[in-house]
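Residue numbers for the sequence shown follow the numbering used here, so the first one is 1179 and each next one is one higher. Below: one structure, written as structure tokens.
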Amino acid sequence: MKEVALAIAFAFFIMCPRMAGMCAVISKVGGVNPYTIAFIGGLIAVPLIVFMVFLTVEFGVTTAIVAAVITDILASVVTGTFRLRYGIEIIIIALFIWIGVTIANKLAPLIENVFI
């Protein structure tokens, strides 16, 4: 029962505007039904999410972020929308995410101690 509750919580994390937005963009580029892409893409994503969890648990957040950059670039190549500028933007965004995760991990306990 605990696994079901935590899986539901995880499902809420997966439900994010970025993924919905990307689905809408990809569907528009391909001229296809966004709900079909969301459903089929969601099924295909399940093993990829498990792989990302594996990378994070076994090798750390840096490896997971690098994998995310690679898959973002692959997605734009597959859709035919890749431009060097987009690749640079993805790398910059990933760098900010990495910095944010690193700082948050160190800063949150300090802030928490102020309130305790």
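Each residue gets a CB set at the ideal place from its N, CA and C atoms; glycine is no exception.
Where does residue i fall in DSSP's three states?
i	result
I1275	helix
M1193	coil
I1247	First, the amino acid is wrong: residue 1247 is Val here, not Ile. Looking at V1247 - three-state DSSP - the assignment turns out to be helix.
V1210	coil
I1268	helix
T1280	helix
I1294	coil
G1199	helix
M1230	helix
T1257	coil
G1219	helix
Apart from the five residues on each side of it in sequence, which residues of its chain come closer than 7 Å, Cβ to Cβ, to residue i?
i	result
T1259	V1207
M1230	A1242, A1245
I1268	V1247, D1250, I1251
I1204	I1215, T1257
I1275	I1243
Taking 8 Å as the CB-CB limit, is residue i close to chain B?
i	result
A1183	Here there is only one protein chain, and chain B is not present.
Beta-carbon within less than 6 Å of residue i's beta-carbon, same chain only, minus the 5 sequence neighbours each way: which residues are those?
i	result
A1202	P1212
Flag this pair as touching only if the segment 1180-1194 and the segment 1236-1246 have three or more C-beta atom pairs under 8 Å; answer yes or no.
No contact exists between the segment 1180-1194 and the segment 1236-1246.
Do the segment 1191-1204 and the segment 1215-1225 meet, that is, are 3 or more Cβ pairs less than 8 Å apart?
Yes, they touch.
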